[in-house]
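To start, the structure under review is shown below, and the notes come after it.
In full-length UniProt numbering, the protein residues as written are 1 to 315.
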């Protein structure tokens with residue numbers, strides 16, 4: 001697994017901006033933050049409905065004119081066939097596949113037996129198949145990755161494959177709805193998030209809560225959380241408590257982010273805790289109850305690695 005400590009290096013200074021544009025690339029647009037990932041713009045709905053109605057009208061008009069001409073001038077079409085085609089040609093009859101008549105539950109049972117590559121091809125067949133796969137993505141096969149880095153300060157998403165010989169895949173940071181669609185078919189061993197600002201923290205954490213990434217390693221660096229998003233962050237850790245064994249916060253605020261509620265779900269099987277605030281003093285809201293759980297885990301034989309824990313804990 002790629003070390004998140006190594007991944008965090010190379011950026012000695014965090015450049016916070018007052019607007020949504022960081023250096024070199026775009027941040028999340030303010031108009032995209034609070035949108036439902038499954039919502040569609042009202043003007044897009046109107047445009048699509050109008051376009052469909054126009055297409056249907058034109059098709060019906062062409063069918064009517066064609067039928068009228070065939071009825072009024074049958075001799076013309078008979079002679080035309082004699083001139084240009086000596087032998088009668090039969091047009092092939094295209095039958096609708098039986099699979100198009102399957103209901104979504106039946107399709108779901110079929111898709112459960114397919115691999116990731118096959119599911120990707122099935123998504124291109126039709127809208128119905130694409131919708132069925134999207135709605136049940138949590139229960140279908142997903143691609144395993146080594147690490148997913150979401151770099152908000154650079155406007156980039158980097159996905160590292162399991163195979164170390166393969167190069168990481170880099171994408172410009174898309175809107176949250178698109179990001180959700182791209183990540184919902186993935187699982188990862190390491191989730192690395194860098195450069196959150198308070199106004200983005202709530203929508204981004206809700207996005208992560210809607211996914212099932214199941215990371216073993218969770219690391220947030222240079223991130224500022226709004227007061228309302230602290231509870232969402234605790235819910236995110238709790239949601240992945242069964243898999244997270246390596247947890248880290250580096251130069252994150254507010255200072256009361258690290259509490260019993262945050263660490264308790266993962267304290268019994270934690271193997272690595274990384275806390276670093278660049279030498280700034282702070283009092284974390286971690287009490288003896290959580291420390292005793294960590295101590296009991298050590299007594300059971302679990303080794304816990306703590307890096308740069310240079311701040312005071314509340315008793």
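By construction, the Cβ of each residue, glycine as well, lies at the ideal position given by its N, Cα and C atoms. Just so we're clear, the structure is a prediction, and the values are computed from it rather than from any experiment.
Between residue 277 and residue 255, the C-beta gap is smaller than 9 Å, which places the two residues in contact. Using a C-beta cut-off of 8 Å, the stretch 186 to 199 makes contact with the stretch 147 to 160, since at least three inter-stretch Cβ pairs fall below that distance. By the C-beta density criterion, residue 57 is exposed, having fewer than 16 other C-beta atoms within 10 angstroms.
When DSSP states are grouped into helix, strand and coil, residue 60 belongs to the helix group.
Residue 206 counts as buried, since no fewer than 16 other beta carbons sit within 10 angstroms of its beta carbon. A Cβ-Cβ distance of about 19 Å is found for the pair residue 173 and residue 209, leaving them out of contact under the 8 Å criterion.
Look at residue 233 here: in three-state DSSP terms it is helix. Our two residues, residue 113 and residue 301, have alpha carbons roughly 39 Å apart in a direct line. Fully contained in the stretch 159 to 221 are the following beta strand (DSSP E) runs of length 3 or more, in chain order: 169 to 172, 186 to 194, 217 to 221.
The shortest CA-to-CA distance from residue 126 to any of 218, 139, 104 is the one to 104. Around the beta carbon of residue 224, 16 or more other beta carbons lie within 10 angstroms, which makes this residue buried. Three or more beta-carbon pairs separated by less than 8 Å link the stretch 210 to 229 to the stretch 167 to 187, which places the two stretches in contact.
Rounded to the nearest angstrom, the gap between the Cα atoms of residue 221 and residue 169 is 21 Å. Between the beta-carbon of residue 258 and that of residue 275 there is about 7 Å, and that keeps the pair under the 8 Å contact cut.
Leaving aside the five residues that flank residue 232 on each side, the residues in its chain whose CB is nearer than 6 Å to its CB run, in chain order, 205. An exposed status is given to residue 292, since fewer than 16 other beta-carbon atoms sit within 10 Å of its beta-carbon. For residue 289, the enclosing alpha helix (DSSP H) begins and ends at 288 to 299. Between residue 228 and residue 202, the alpha-carbon positions lie close to 7 Å from each other.
Close CB contacts of residue 159 within its chain, under the 6 Å cut and outside five residues either way in sequence, are with 145, 148, 169 (chain order).
Looking only at 63, 119, 176, 298, the smallest Cα-Cα distance to residue 155 is reached by 176. Distances from the CA of residue 199 to each of 152, 183, 180, 243 were compared; the closest alpha carbon is that of 152. Check the Cα spacing between residue 249 and each of 141, 218, 269, 230: the tightest is with 218. Excluding the 5 residues flanking it on each side, residue 62 has no same chain C-beta neighbour closer than 6 Å.
Counting along the chain, no beta strand (DSSP E) covers residue 266, and no H or E run does either. Between residue 133 and residue 123, the C-beta gap is smaller than 9 Å, which places the two residues in contact. The shortest CA-to-CA distance from residue 253 to any of 141, 295, 196, 294 is the one to 196.
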